[in-house]
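All remarks here apply to the structure that follows.
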Amino acid sequence: MSLVNYELADGIATLTINRPEALNALNSQVLTDLSEVLDKVVADKARVVLLTGAGEKSFVAGADISEMASLTPREAQAFGELGNSVFRKLERLPVPTIAVINGFCLGGGNELAMSCDIRLASANALFGQPEVGLGITAGFGGTQRLARLIGVGLAKEILLTGRNIDAARALSIGLVNAVYEKEELLPAAQKMATDIVRKAPIAVRATKAALNLGIQTDIDSGIALEAVYFGSCFGSEDQIEGMTAFLEKRKPTPFQDK
Ligand code: HXC
Numbered sequence: 156m157s158l159v160n161y162e163l164a165d166g167i168a169t170l171t172i173n174r175p176e177a178l179n180a181l182n183s184q185v186l187t188d189l190s191e192v193l194d195k196v197v198a199d200k201a202r203v204v205l206l207t208g209a210g211e212k213s214f215v216a217g218a219d220i221s222e223m224a225s226l227t228p229r230e231a232q233a234f235g236e237l238g239n240s241v242f243r244k245l246e247r248l249p250v251p252t253i254a255v256i257n258g259f260c261l262g263g264g265n266e267l268a269m270s271c272d273i274r275l276a277s278a279n280a281l282f283g284q285p286e287v288g289l290g291i292t293a294g295f296g297g298t299q300r301l302a303r304l305i306g307v308g309l310a311k312e313i314l315l316t317g318r319n320i321d322a323a324r325a326l327s328i329g330l331v332n333a334v335y336e337k338e339e340l341l342p343a344a345q346k347m348a349t350d351i352v353r354k355a356p357i358a359v360r361a362t363k364a365a366l367n368l369g370i371q372t373d374i375d376s377g378i379a380l381e382a383v384y385f386g387s388c389f390g391s392e393d394q395i396e397g398m399t400a401f402l403e404k405r406k407p408t409p410f411q412d413k
């Protein structure tokens with residue numbers, strides 16, 4: 156049985172890491188199951204992904220410490236590489252991904268959230284990279300993505316002290332996009348997902364690709380890339396309908412991904 160539940164409705168794929176008895180800690184099976192579910196997302200042509208954790212307390216409380224405790228250096232590196240390959244697959248998914256952070260978001264959990272495009276959190280969420288307190292470094296991209304997301308100084312503070320931060324601070328430093336009361340989190344995420352589903356899919360995918368590729372390069376190369384993606388939208392049925400509807404002062408008919 157998969158440890159990652161998958162539901163698809165109205166173009167929105169909801170992925171739920173389902174190990175609540177261990178606060179959804181990431182063991183090898185969760186990582187493998189997540190990878191398989193990401194393949195389904197692509198095969199089913201989902202338009203948006205919501206990624207969350209099962210239960211009341213936790214998004215993901217980190218990589219599974221009981222699985223990692225006795226690893227040799229070589230085995231630990233392989234475990235890190237497995238997680239990194241799955242997180243990179245998530246990050247490179249063609250469609251937008253929203254982490255719905257309903258509680259503990261620690262270590263590998265924070266690294267998983269950072270591999271999504273957008274992070275929405277409940278007011279009781281707790282964030283951190285506690286690895287140095289366990290005698291290890293972050294290992295699923297935390298030393299790389301955190302600095303890119305919130306800046307080097309704050310990333311160093313979080314990674315070097317191992318201190319947790321609450322949702323309000325996570326919001327103030329840009330680690331999350333928005334914070335909601337617990338019961339409002341999922342509806343808010345679903346509304347955001349629905350807003351994205353209603354937009355032109357070709358344009359949404361091109362926007363994500365331009366951002367993801369451009370952020371890794373110099374500004375001139377990034378702008379050149381954007382021009383290519385911008386041009387590639389033209390001539391699509393959705394571009395013609397979107398612009399025609401504007402000029403005719405009416406709402407566009409639903410976009411067709413064509
Ligand atoms: C394995 C975990 C776990 C984890 C929680 N559990 N986190 N098991 N790995 N990361 C298990 C507990 O052992 C316990 O199982 C059950 O979940 C409930 O947890 P409690 O500790 O009883 O809950 P609570 O008292 O509410 O404390 C919650 C918590 C604490 C503060 C989140 O569980 C905690 O500190 N967890 C570890 C957080 C962490 O250090 N994460 C980073 C891991 S390193 P039992 O069987 O006792 O009920 C990492 C590296 C990534 O992520 C890179 C790898 C390459």
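Take 156 as the starting number for the sequence shown in the working numbering and just add one per residue.
Don't be surprised by glycine CBs; every beta carbon is placed ideally from N, CA and C.
- From the listed residues Ser391, Ser213 and Gly288, the smallest Cα separation to Glu176 is found for Ser213.
- By the criterion of a C-beta distance shorter than 8 Å, Ala400 is surrounded in its chain by Lys406, Pro407 and Thr408, once the five residues flanking it on both sides are discounted.
- A heavy atom of the ligand HXC is found nearer than 7 Å to the CB of Pro285.
- In the DSSP assignment, Glu162 falls within the beta strand (DSSP E) that extends over Val159 to Ala164.
- When DSSP states are grouped into helix, strand and coil, Phe259 belongs to the strand group.
- Ranking Ser157, Ala168, Ala276 and Leu158 by CA distance to the CA of Thr349 puts Ala168 first.
- Only residues of its own chain outside the window of five on either side were considered, and among them Arg303 and Gly377 have a CB closer than 8 Å to the CB of Ile370, listed in chain order.
- The shortest C-alpha to C-alpha distance from Ala278 to any of Thr171, Glu338, Ser391 and Lys195 is the one to Glu338.
- DSSP places Ile167 in the uninterrupted beta strand (DSSP E) bounded by Ile167 to Ile172.
- When Ala344, Thr372 and Tyr384 are compared, the shortest CA-CA separation from Val359 is found for Tyr384.
- Across the set Ala361, Ala379, Leu402 and Asp375, the C-alpha of Ala361 shows the shortest separation from the C-alpha of Phe389.
- Where Ala333 is concerned, the enclosing beta strand (DSSP E) starts and stops at Ala333 to Tyr335.
- Residue state for Thr399 is assigned as helix, using DSSP reduced to three classes.
- Under DSSP, the beta-bridge partners assigned to Leu181 are Ala218.
- In this structure, Ser183 places its C-beta atom within 8 Å of the C-beta atom of Leu237.
- Taken through DSSP and simplified to helix, strand or coil, Phe234 comes out as helix.
- Cβ-Cβ distances below 8 Å link Ile273 to Pro251, Thr252, Ile253, Ala254, Asn332 and Met347 in the same chain, with the five nearest sequence neighbours on each side left out; the list follows chain order.
- Separation of Gly294 and Val215 (C-alpha to C-alpha, rounded to the nearest whole angstrom) is 15 Å.
- For the pair of segments examined, the region 185-202 was found to touch the region 156-164: the number of CB pairs separated by less than 8 Å reaches three.
- Membership of Leu205 in the beta strand (DSSP E) is indicated by the continuous run Val203 to Gly208.
- Your pair Ser270 and Phe234 does not check out as a contact, with CB atoms roughly 16 Å apart and the cut at 8 Å.
- For the region 325-373, the full-length alpha helix (DSSP H) segments reaching 4 residues or more read 337-352 and 356-369 along the chain.
- A straight-line Cα-Cα distance of about 21 Å links Leu309 and Gly258.
- Closest by C-alpha distance to Arg202, out of Ala164, Ile172, Leu181 and Gln232, is Ala164.
- Taking every protein chain shown into account, the CB of Glu286 has 16 or more other CB atoms within 10 angstroms, so this residue is buried.
- Counted as a single uninterrupted DSSP element, the beta strand (DSSP E) harbouring Arg274 occupies residues Ile273 to Ser277.
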